[in-house]
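A.B. asks: Residue numbers (our numbering), protein chains in the order written: chain W, 677 to 1391; chain Y, 677 to 1391. Glycine included, C-beta positions come from ideal geometry on N, C-alpha and C. Note that the structure is predicted; figures quoted are calculated from it, not measured.
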């Protein structure tokens, strides 16, 4: 009876509602909620004890995660043990730290430094699951994979899984300023509270590292590419070191963006000329100073001679001269330089889409072997849709690192639902034909050109908002970036489905509905913002809302009219031989396809061609009618997202449901705004009536031009 | 046995560690953790059912809070009922909504609109506690008071409590910009996410309102006194209305800061002259527009002709002309104007400490009866210590609203532990002698001068950081502000003790230790920053760290040297008749005390007097030696806080303990920095050796002058 009384007390305590317990997104896809009964029994017998082989910080992190995850999903604590002593053990480690694992003689060699193997085995006469790797970090990745099997309700018996990342550098770029403002951030302030570092180690830093490790991200550039020189001062380097120490067990290296003129700003030198011996010595000493604090420091990310940033061209040197100077400073320590190809001249009147290629292609073969050139997915700037960047395939001797934007600068910030997995897959799957058919962007970036260096970068969408990314659905983009970084050929739909299962529910109706919503969401944004190959139609500065009429900015290529080129005759940017001939930067089969009106896909029509309003589409309708239909299709798609979401009300926790409901309402209003404003402007050029069944914009063009949103976030 | 099995399952579930469950400060002083066994039985019998009389949103909020609080503290759900049916009922409502309460014939008349009564009574033959008031909001305040009794481990039987606020307007001023930057904010971004309003009602808005209601705060100015005109556009007013709707059940009115030139910026007028009929009409229409959305809108807060803000003086009108014009627009709707007296001229060479008095005293009696003049606690600007503002007592016909700064702009931001309750009590208890002895500031602000308007404002320290205020201990300042706003004569120590019990632990050792730490914390800051009446010695702009040498700013009164006046002979600002004669602005007994070296308290010495370095203090030691001793006393006091805090390690949850440990380490480093830099500078003037036993600063003055912290928060 005393036992019963104790149970009653504990049971009563368990029933008391915990305050502030509502799901609020903090746990991301690592929620570890209890599985349904049908899975619990099955999983419980295959996860009866946690056996860590080794006690490095990374192995302890794996043990802690397994304990948390299994405990949460099974609804009971799982015992830890130092050896397999019962059926259902989960044994994890490396052959070097565990005789039991070594004795299994597992085929680990092909898995490299970061891969892992998960296999159902017998250990000392007991059924067990072994998670093994050549390195501790591989073990941690394997532990997360094992947990994901359960999170996505897969069997965990009879396992024989092995996996390894296809890219070496899988990096989040945080465009975070030292005052914690995040450029293009829509999720609050920077996670990095520089003011209380290095003393205060907010547990959130560890949770950030856990989330990254769970999807294989292994690097973080801590500060904005528009860099502040002070990040390289000892005061800040001490703070950087504190973060590096926290991240290290999770396999995450820190990198820094550096300002090319730092030797002047910090070092008191008169020049930052990369060939100047004093400049080179300054950077070498700076690298030494960094590595004294952070022995596994990753390296530098550089935005140079781009949008006003200083760079080697200020001294009539090349990008290669600049990159190689920094590379030489990092080389003794094993660091790399990620040199961005996002450049366009302040003076060049050349088509902006052509400039990066023109500047970088001649430098192929001139970069040191610890330099990667980092190239955005498309030739302009993270638009809702762009064709792949022509540099992919054009620098056969240089490792190219793909730069994606996870934060939705041009896709509706945090309040528009837009799953970017499909957008990135579109780029990764694009066939450059650079070395014959099938030379996809994915395969190109998997090729280190003999350096062993490959990589991918995502401009992070993470801030200090409680849910990390400013909305629940933007967590999916962080997740998908990690998954595609690990395997650029992965399926965007599979990723969406996994994320949905882990984030929302195990219920099939929910998983199917949300996955389908995600899969069509980005096309909706393209339709209501920039259909048929239009680009950069966003309002000035903050890029929130439509501004197709904007023509008053200082440089031509900052203006939406530069991109749409709408006039009385037609619309679109002629990039064929009769225009800027940007098309010639692509391999001949691609140039031929995109360059011909007969073969160019509708989605790139206005990117490459200027056509009359009355141009006949392949469908037979006029361009004008098709354009209007795309705008309305986008608005209707958002209404569809709203309906689908509403149908899930019974199955989603209230707080997260309410938030997304509100955001979809905002998205629908914004989609209508985009549609109406764009049509009002283009109609002022085309002077054509709307096709039947499509409503006139409710206001005149002046009304839309007068809308101002000066305090939109992220600028 | 089936029952037993069920209990076992639930018990096991209860033992599973919840993820993200660590105390992180989100719950503030409303944690409602289970009480110890010795209290549980006692409380449980006096809280067996929750009986709401009425169903207004406010009564529902009270019911919800009682349910949450009782459930949490008692460790079990407490039943709700529509009538008292058992011993231990908690019945709450107004006589108007409850015949049972009316029948008790309680003495509610003296309690006014917001007071409450809590009494142990018999209802229908059952022991019950009644929480009654004349209004629903009084009932809610009473419910929080009842919960506080339990949170602070007071008896809840034999109760007979009645209470009512002494001030009518108890307002938090949020200096929040529309881009969510908080001026002088050290707790993240603004709570108000304007971008997702009015659609998304973050539950945090409700928790903010709950916290305020729990301490009686009944107003919130949503935006910065350095106002952006756009807050008055319909787009933003819709967002304001959404917040007002959320706050209304908690008795919180919204107010807005307005830019005096808004009729020009928004209305297209050529002038903002307060006597211009078009300007008056514009404001009237604007007020009508606001009240159409927010029927109980509180009114306007105005910073005019101060630090570059526009105001009536731009048109050669007085502050009264400006205030009365706005008051006329609000009057039909019942709104008020809070007109700030924080002014100093851009051109006047007069002692800054005198200017507000000089400008406002002549206007006494000229303000409309729905205007309050809002006066900071001291004549400069929220320094660690200032004498009370001479306007208190100088405007017998004008309701004066006291403005305090809850955010620690000048007291070490969020990382220094400084309990401000003692500082505010020092002002509130100060005897102005304006109408004879005992005319304290507290009594003056409790006097509405016939208008019925009284008030107090606190510049909020709240942001979107998880713990609301950037540190656990800064929550105490929010709390203390509310408590002193309710009763300006309350004891700062009692408030600290209550807060500690609710926030940290019921354990007496913890309560005594933390209360004592808090009570001496502000004096420590005064000692290491600005001892003996020094003021405004902070570094430029962000006010982080020492800058006693700064003399290069555009206006004299922006420079620390203006305030310390240190030279080869001595230090201090002569405000006696031989100097600026600011002393003459005080009532004669005060002027006599502060004006004489014989009677001036040490703490105000250098505020009112310039004295030689070798001046003999009342203690017999020289000023120079006393100054050094104060700096060192401040540093040692912080070391003492660290020791005391460390002693609590066994009793405080790890995350909150670790955070405060880190912050105290930062505070100690900063205190040393302040001490060393200040001494290095003043020694460069005095040329005197340090007294025995006090260490020389480890670096020379150049070193301290070279320290720059450009990205300190809050600027």
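#1: Tell me the DSSP secondary structure of residue 1201/Y in three-state form.
#2: Of all the options 1116/Y, 1385/Y, 931/Y, 1062/Y, which has the alpha carbon lying nearest to the alpha carbon of residue 1217/Y?
#3: Closest to residue 1227/Y by C-alpha separation, out of 1326/Y, 1078/Y, 764/Y, 1238/Y, would be which residue?
#4: I'd like the list of long-range same chain contacts for residue 1269/W, defined as Cβ closer than 6 Å, with 5 residues on each side in sequence excluded.
#5: At which residues does the alpha helix (DSSP H) containing residue 890/Y begin and terminate?
#6: Along chain Y, which residues have their Cβ under 7 Å away from the Cβ of residue 941/W?
#7: Using C-beta distances below 6 Å, list every residue in its chain close to residue 1351/Y, excluding the 5 sequence neighbours before and after it, in chain order.
#8: By the 10 Å Cβ neighbour count, where 16 or more other Cβ atoms means buried, how is residue 1023/Y classified, buried or exposed?
#9: Counting contacts by CB-CB distance shorter than 8 Å, is residue 1195/W in contact with chain Y?
#10: Could you give the distance in angstroms between the alpha-carbon of residue 1376/Y and the alpha-carbon of residue 1209/Y?
#11: What did DSSP end up calling residue 953/W once you bin it into helix, strand or coil?
#12: In chain order, which continuous runs of the alpha helix (DSSP H) of length 4 or greater are located wholly inside the segment 1011 to 1053 of chain W?
#13: What's the call for residue 1379/W, buried or exposed, on a 16-neighbour Cβ count within 10 Å?
#14: Pick out whichever of 1042/Y, 1222/Y, 1053/Y, 1096/Y has its Cα sitting closest to the Cα of residue 1172/Y.
#15: Along the alpha helix (DSSP H) that carries residue 802/W, what are the first and last residues, could you check?
#16: Are there three or more Cβ pairs, one per stretch, closer than 8 Å when the segment 898 to 910 of chain W is compared with the segment 786 to 797 of chain W?
#17: With three or more C-beta pairs closer than 8 Å as the rule, is the segment 842 to 853 of chain W touching the segment 797 to 810 of chain W?
#18: Please list the partners that residue 1342/Y has in chain W, where partner means a Cβ-to-Cβ separation under 8 Å.
#19: Can you give me the C-alpha to C-alpha distance between residue 748/W and residue 1027/W, rounded to a whole angstrom?
#20: Taking the DSSP output, what are the residues bridged to residue 1079/Y?
#21: Please list, in chain order, the residues of the segment 1312 to 1342 of chain Y that have any C-beta partner in chain W closer than 8 Å.
#22: Output, in chain order, the set of chain W residues within a Cβ distance shorter than 8 Å of residue 855/Y.
#23: Which full runs of the alpha helix (DSSP H) of 4+ residues lie inside the segment 1239 to 1272 of chain W, going along the chain?
#24: Judging by CA-CA distance, which residue of 1058/W, 1074/W, 1056/W is the nearest neighbour of residue 1046/W?
#25: In chain order, which alpha helix (DSSP H) runs of at least 4 residues are fully inside the segment 1297 to 1337 of chain W?
#26: Give the interface partners of residue 1310/W over in chain Y, defined as CB-CB distance under 7 Å, in chain order.
#27: Checking the sheet assignment: what are the DSSP bridge partners for residue 725/Y?
#28: Check whether the Cβ of residue 864/W lies closer than 8 Å to any Cβ atom in chain Y.
#29: Given that a residue counts as buried once 16 or more other Cβ atoms are within 10 Å of its Cβ, and exposed if not, what is residue 856/Y?
#30: Counting C-beta neighbours from all protein chains within 10 Å, is the total for residue 982/W 16 or more, i.e. buried, or is it exposed?
#31: Can you confirm whether residue 695/W, when its beta carbon is compared against all beta carbons of chain Y, has any partner nearer than 8 Å?
#32: Kindly indicate if chain W contains any beta-carbon less than 8 Å away from that of residue 906/Y.
#33: Considering only C-alpha positions, which residue in the set 1304/Y, 767/Y, 1051/Y, 1337/Y is nearest to residue 1355/Y?
#34: With a threshold of 8 Å between beta-carbons, can residue 910/W be considered close to chain Y, or not?
#35: Could you tell me which of 1049/Y, 966/Y, 1003/Y sits nearest to residue 1120/Y, measuring between CA atoms?
#36: Going by Cα to Cα distance, which pick from 1267/W, 1135/W, 759/W, 787/W is closest to residue 803/W?
C.D. replies: Working from what's here:
#1: As a first step, residue 1201/Y is located in the second chain; it is residue number 525 there, counting from the start. Assigned with DSSP and collapsed to three states, residue 1201/Y falls in helix.
#2: For the purposes of this step, residue 1217/Y is taken as residue 541 along the second chain, with counting starting at 1. Cα-wise, what sits closest to residue 1217/Y is 1385/Y.
#3: As a position in the second chain, residue 1227/Y is number 551, starting the count at 1. Comparing C-alpha distances from residue 1227/Y to each of 1326/Y, 1078/Y, 764/Y, 1238/Y shows the shortest one belongs to 1238/Y.
#4: What you label residue 1269/W is simply residue 593 of the first chain in a count that begins at 1. In chain order, 1275 place their CB closer than 6 Å to the CB of residue 1269/W, counting only its own chain and leaving out the 5 sequence neighbours on each side.
#5: The residue given as residue 890/Y occupies position 214 in the second chain. Note, residue 890/Y: alpha helix (DSSP H), 879 to 891.
#6: On the first chain, position 265 is the one that residue 941/W refers to. Against residue 941/W, chain Y offers no close residue; the least beta-carbon distance is about 12 Å (beta-carbon pairs closer than 7 Å).
#7: The residue labelled residue 1351/Y in the question sits at position 675 within the second chain. Same-chain partners within the cutoff: 1204, 1307, 1311.
#8: Within the second chain, residue 1023/Y is the residue found at index 347, counting from 1. With fewer than 16 other Cβ atoms within 10 Å, it is exposed.
#9: On the first chain, position 519 is the one that residue 1195/W refers to. Not one beta carbon of chain Y lies nearer than 8 Å to the beta carbon of residue 1195/W.
#10: Taking the first residue of the second chain as 1, we reach residue 1376/Y at position 700. Taking the first residue of the second chain as 1, we reach residue 1209/Y at position 533. Going from the Cα of residue 1376/Y to the Cα of residue 1209/Y covers about 25 Å.
#11: Within the first chain, the letter at position 277 stands for residue 953/W. Reduced to three states, the DSSP call for residue 953/W is helix.
#12: DSSP runs (the alpha helix (DSSP H)) wholly in the segment 1011 to 1053 of chain W: 1028 to 1036.
#13: Looking up residue 1379/W in the first chain gives position 703. Exposed, by the Cβ-count rule.
#14: Reading the second chain from its first residue, position 496 is the one you call residue 1172/Y. The option with the nearest alpha carbon to residue 1172/Y is 1096/Y.
#15: Stepping through the first chain from its first residue, residue 802/W is reached at position 126. Per DSSP, residue 802/W belongs to no alpha helix (DSSP H); it is in the beta strand (DSSP E), 802 to 808.
#16: No, they do not touch.
#17: The segment 797 to 810 of chain W is not in contact with the segment 842 to 853 of chain W.
#18: The residue labelled residue 1342/Y in the question sits at position 666 within the second chain. Within 8 Å Cβ-Cβ: 872, 875, 876.
#19: Stepping through the first chain from its first residue, residue 748/W is reached at position 72. Stepping through the first chain from its first residue, residue 1027/W is reached at position 351. Approximately 55 Å between the Cα atoms of the pair.
#20: Position 403 of the second chain holds residue 1079/Y. Per the DSSP secondary-structure output, residue 1079/Y pairs in a beta bridge with 1052/Y, 1133/Y.
#21: So the close ones are 1331, 1334, 1335, 1338, 1339, 1341, 1342.
#22: If you number the second chain from 1, residue 855/Y lands on position 179. Those within 8 Å of residue 855/Y in chain W are 1387, 1389.
#23: Runs found: 1264 to 1271.
#24: In the first chain, counting from the first residue as 1, residue 1046/W sits at position 370. Ranking the options by Cα distance to residue 1046/W, first place goes to 1074/W.
#25: Restricted to the segment 1297 to 1337 of chain W, the alpha helix (DSSP H) segments that are unbroken, complete and at least 4 residues in length are 1299 to 1323, listed in chain order.
#26: Counting from 1 along the first chain, the entry for residue 1310/W is found at position 634. Chain order gives no chain Y residues near residue 1310/W, where near means a beta carbon separation below 7 Å; the closest approach is about 19 Å.
#27: On the second chain, residue 725/Y is found 49 positions in, with the first residue counted as 1. Under the DSSP definition of a beta bridge, residue 725/Y partners with 755/Y, 765/Y.
#28: Taking the first residue of the first chain as 1, we reach residue 864/W at position 188. Chain Y, which has a Cβ nearer than 8 Å to the Cβ of residue 864/W, makes this yes.
#29: The count along the second chain starts at 1 and reaches residue 856/Y at position 180. Buried, because 16 or more other Cβ atoms sit within 10 Å of the Cβ of residue 856/Y.
#30: Residue mapping note: residue 982/W aligns to position 306 of the first chain, counting from 1. Counting Cβ neighbours within 10 Å, residue 982/W comes out buried, since at least 16 surround it.
#31: Within the first chain, the letter at position 19 stands for residue 695/W. Low confidence applies to residue 695/W: its pLDDT is 37, below 50, so where it sits in the model is not reliable, and the reading given next is rough at best. At least one C-beta of chain Y is nearer than 8 Å to the C-beta of residue 695/W.
#32: Here residue 906/Y corresponds to residue number 230 of the second chain, with the count starting at 1. At least one chain W Cβ lies under 8 Å of residue 906/Y.
#33: If you number the second chain from 1, residue 1355/Y lands on position 679. Ranking 1304/Y, 767/Y, 1051/Y, 1337/Y by Cα distance to residue 1355/Y puts 1304/Y first.
#34: On the first chain, position 234 is the one that residue 910/W refers to. Output row for residue 910/W: interface = no.
#35: Numbered from its first residue, the second chain carries residue 1120/Y at position 444. Ranking the options by Cα distance to residue 1120/Y, first place goes to 1049/Y.
#36: Taking the first residue of the first chain as position 1, residue 803/W is located at position 127. When only C-alpha atoms are compared, the closest one is 759/W.
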